[in-house]
Structures are given as structure tokens and as C-alpha cells.
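Under this note's numbering, think of the first position of the sequence shown as 676, with each following residue one higher. Heads up, the beta-carbon is just placed ideally off N, CA and C, and yes, glycines get one too. Take a look at the structure set out below.
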Amino acid sequence: MKKVYLYGGIAVVALFVLGYMFLGNGKKTETTTVGQVQRLVKVIRGDLNLTVSANGVVQPINKVEIRSKAGGQILALNFEEGSFVQKGDLLVIVDTTQTKNEYEQAKADLASSTQAVSQAENNARRSKELYEKKLISDQEADQSKVDFVRAQTSLVRAKAALSTAEDKLRDTRVLAPITGVILSRSVDLGQIIASAMSNVGGGTVLATVADMEEVYVNTNVDEVDIGKVTVGQRAKVVADAYPEDSFMGEVLRISPLGKTLQNVTTFNVVVVVRNIGGKLKAGMSASVDIEIFRRQSVVLVPNEALKDPKSEQGQAMMANLKVDSTKMKAEAEQKSIAQSAAKEGKEMTIEQIREKMQSASGEERDKLRQQLREKFQKLSPEERQKMMSQFGGRMGGGQRGEGGQGGFGGGGGMAGGGTMSGGDGTRPRRQSQVSNINETKERVVMVKEGDTFVPRLVRVGASNFDYAEVLEGLKEGDEIQVTTISRAKLAAEQMNERMRSNTGLGGVAGGGGGRPH
């Protein structure tokens, strides 16, 4: 009777362990990484446009502050912010009472001076005649000449005073200095303003007008990309306010002096843009794509499909260039045998059930779980013990990764992350937005051949953030596998891993690696 209880207990524990191993341990197959999503894409033909991107602010090329040379009360304002004005348009009228009085006084002084000159001229002529007849003395003759010169001098001063008065009267009418858009208005109707001529501060600013026919976009380019930017290169500007519209321009100048902020050095680059339609406004935020290189009608492959042969994943793919193909074919054959056995009513082996459950989900997974339990119940105690020794060692075999913390709980620790680049205190080198246009590289891709994917070595050239030019190894229309990381899937799997770790199941058959240092 004790043996019966013992065998029954072993059966229960074995079922529990195998069920966790086959169904709930959360381990992926060796060919699937946590959080990865795989999709199929085609190699395409198109234009490869290499650009350096940066953000900037729209600024007017010519901006003028309008001030009045005349002081006094504002009698009229003929503009508002945003108004378009032509050069010479009347914008402001300042009180003319004082300046008009000064003008009239200067005008009268000029008339008086003109009359005085005429009188002095007549006196000088008569004095000359009398002097020639010896009727007046030398002193009287000289005095008449002096009076005439003084009258002429007074006339010149009167003319200058009248001209000044005319200018002051004219300055009470403020005109637009350039053609453009009123960016801001600083005064109101009835306000008393100070003259720009008599005030040390330059007088009151009435408004600011800017020529917006062409504008600047001031942007900052990272030092790792500035070497590829030259004056005259084409640039595409897209304002945040008009995401569907693009404005073409060119690089006007590049600052020779960089600015460093938070350990990042950038250089100011000014792009001049033709403001078609006047949509661009001063102060708008915009993105700038400076075209470094363009190649038309080339074979393109997504960068995310390319693996560096020198990387860990790339080396594994290269080492298994032939093995992977054979393995995938064998797995396909095994799957086909399992499906055929199911159709013919034959029972699958435990290994076949286990393989099928890796891709099963939902109701199908529950059915397979039940089949596994039933098949395990039919085994003898010796067969159960043999299966336990065969599969038990695979559980909880994880180790702590060097340089990082141990994993969660039992079942073996998750691989440690190590230290980030630059951990020695040096600044890590940032990656350029575009590759060297003359550089060629060898990469590995997974290409679909029939029903399987096989690794293939290809040669690529210039690339941007999205695509690389294929020089050799792929043709248009080839189907390749792209593996990306799904943040949502990764978060869900990490949560499941923590929940399983909290159950303590991972401690069975060797899982002490999960404790942190």
C-alpha cells in the first residue's frame, strides 16, 4: 500500500513539473527572443535620400523697429499686428501743433531774411555810388558791405531753419520703411511718444515690421553630422503648423564655432527658405532635412532586417548558415508527421505534443495539456522516473549574467545587462544620422526560400535611418524576415515572468541563479 501511495505522489509531482515545463515556464524556444515580433517584408526598388535632420525656428531676414523722429500724441494708427504693408504706407500720425507752428515761424523768418538781403543789397549799391563821388567816407562804404553780407548769412540760416521745420512736420507722419508684415505693435491711439531724435534711448518703438518673402530657419546640427553639411545644399523645411506642406531652401551659412550643452556639441546652421504663400511666421518651430546625398532607383532593404556578421546574433547566423536550413526543414517535417498522425488517428509522442504546444494557444493548448496528462498516466513508474530525469534538468538552468543583477526568483536568473558604454567616465560616441556614402558593408539577412527562412550574406552601401542600398545578394521582390521588439509584448512577458517567479516553481531542478549579488 505504501508503494501505491508513493507512486501516486510521484505521478502527481511529475505531472505538475511537466505541466509547468511544457506549458507555464514562460521560456521561449531558442529561436525566439523575449519581446520579439517577426514580420515578412519585400525588398523594394526606390530612391535613397540621405538627409541630416534637425529642428529649428523661423526667423525673418530683414526686421526693422519703427520709431518716430517726432514726439507728441498719436492722432492716428493705420495698422494692426499681422497687417501687410508696402514701403511708404502711412502708419502713424503724431500731433502736429508744435511742429506746424515751428514751420510757420521758420517760413516767416525766411521771408524777412529775403527782404533784408534785398534791402542790404540796395544800400550797398548806393553806398558804392556815393563813395565813388567822394560823398561818404571809407568807413561808411565798408559798413554797407558788411550789412549786405550779414543779410545774406541770415537768409542762409532762415532757409536751413525752414528746411528743418519741414522735416519735423514731415516726421509727424510715420511711413513704412520696408515692405513686409507687422510683427508687433507697441503703442495705442492717443499715447504720447518720445522723439527718437531728442531721447537718449532712441525714442518710443511704435511697431516692428519684417520682410517675410524669404526667411531664415536657424537650426543646430550635431557635431557628428556637421562634416557632411556644406553651404548650398538643398534643404526641406516642414513647419509644425503645416505638417502637410514643405518649403524648399538651401544652406546659407554654417557657424565656425560650436556650442556645448549637456555634453553635446552642436553647430548653428542657417537655411534660407522662400516663403511661398506667406505661411511661415516668425517664431514657428520647424523640422529641417538637409539633403546630403540622393541615389535614384536602387534596391532597398530595411535596416532592421540587417545583422552585422561580427555581432553575436550575426555570428550565430553565419555559423549556422547551413545548419539552420537543415534544422528548419527537419522541424517542418516533424510538424508534418505530427499533423499526419493526428489526421490518421495515431497518438503523438510526448515530444511531439511538446513541440506542438510551443505554438499552440487557447483551446488547442488546453486540449494538448489534457492529452499530455492522459499519456503520462499510462506510463509505468520507471518510465515516469526516466522522463523526469530526461526533462527535469532543463528547468531553472539559467545563470546570472556577468556585470548585471540576477534574474527574478527561481528557474534561473535572467541574463545580466552589464554596464553601459561610457561607464569609465568617458563620453560614448554618438552615431551619425547617415552613413559614409562611399562605404560598403557585409550584412546577414533571413531570406524566405520556400516555406523556410535561411540566412544569406549580402553587401550594402549607403544607408539612412530606414533603408540601405543593396549592392549584392538580394534582388527586388525577395522576401525577408524582419525582427523587431514589441514594447507591449516585452512588458507583458516580463510581467508573466515575475508572476511565475513569485510562485517559486522555478526552483525545481536547479534554479538558484536568480538571487542578486
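Spanning the alpha carbons of Y917 and G855 requires a straight line of approximately 21 Å. Per DSSP, K1116 is one residue of the beta strand (DSSP E) stretching across 1116 to 1124. Boundaries for K834: no beta strand (DSSP E) harbours it, while the alpha helix (DSSP H) harbouring it runs 813 to 846, taken from the DSSP string. About 14 Å separates the CB atoms of A957 and A882; that is not less than 8 Å, and the two are not in contact. Proximity to R801 across D817, E1154, Q908, S787 peaks at D817, based on C-alpha coordinates. By the CB criterion at 8 Å, L858 and K1123 fall outside the cutoff. Per DSSP, reduced to three states, the secondary structure at N776 is helical. Taking C-alpha positions only, I929 is separated from V727 by approximately 14 Å. E1144 is positioned such that its CB atom lies no closer than 8 Å to that of R969. Taking the Cα of S1138 as reference, the smallest distance to any Cα among Q713, E841, D722 is reached at D722. Looking from the CA of T1158, the closest CA among A869, V1120, V890, K808 belongs to V1120.
In this structure, the beta-carbon distance from V913 to V892 does not fall below 8 Å. Leaving aside the five residues that flank Q908 on each side, the residues in its chain whose CB is nearer than 8 Å to its CB run, in chain order, E925, V926, I965, E966, I967. Between V880 and R742, the gap from beta carbon to beta carbon is short of 8 Å. In the three-state DSSP reduction, T726 falls in the strand class (E or B). V733 sits close to V890, with the two beta carbons spaced by under 8 Å. Non-local beta-carbon contacts of I768 in its own chain, meaning distances under 7 Å to residues more than five positions away in sequence, involve L750, A751, T847, R848 in chain order.
Per the coordinates, the alpha-carbon of V718 lies some 6 Å from the alpha-carbon of E1154. Out of E796, E888, S962, the CA that lies nearest to the CA of E919 is found in S962.
Residue state for K1050 is assigned as helix, using DSSP reduced to three classes.
K843 is the residue among V1129, M887, Q990, K843 whose C-alpha sits nearest the C-alpha of D770. With respect to the C-alpha of S972, the residue from Q761, N776, L1146, S921 having the closest C-alpha is L1146. DSSP places E898 inside the alpha helix (DSSP H), whose first and last residues are 898 to 901.
Residue pairing of Y891 in beta bridges, as defined by DSSP: Q734, V947. For A910, the enclosing beta strand (DSSP E) starts and ends at 909 to 914. Excluding five sequence positions before and after L981, the CB atoms of its chain that fall closer than 7 Å to its own CB belong to R1118, V1120, V1135, A1143, given in chain order. Secondary structure of D1041 (DSSP, three-state): helix. Under a 10 Å Cβ-count criterion, G952 is classified as exposed, with fewer than 16 other Cβ atoms of the shown protein chains found around its own Cβ. For Q990, DSSP records no beta bridge to any residue.
Note that the C-beta distance between P852 and K762 is below 8 Å.
In the same chain as E898, and ignoring 5 residues on each side of it, the C-beta atoms closer than 7 Å to its own belong to G933, T940, T941, F942, in chain order. Closest in alpha carbon position to V824, among A786, N798, S812, is N798. With contacts defined by Cβ atoms closer than 8 Å, L1149 and V944 do not form a contacting pair. In the displayed model, T789 falls within a helix according to three-state DSSP. A buried status is given to I868, since no fewer than 16 other beta-carbon atoms sit within 10 Å of its beta-carbon.
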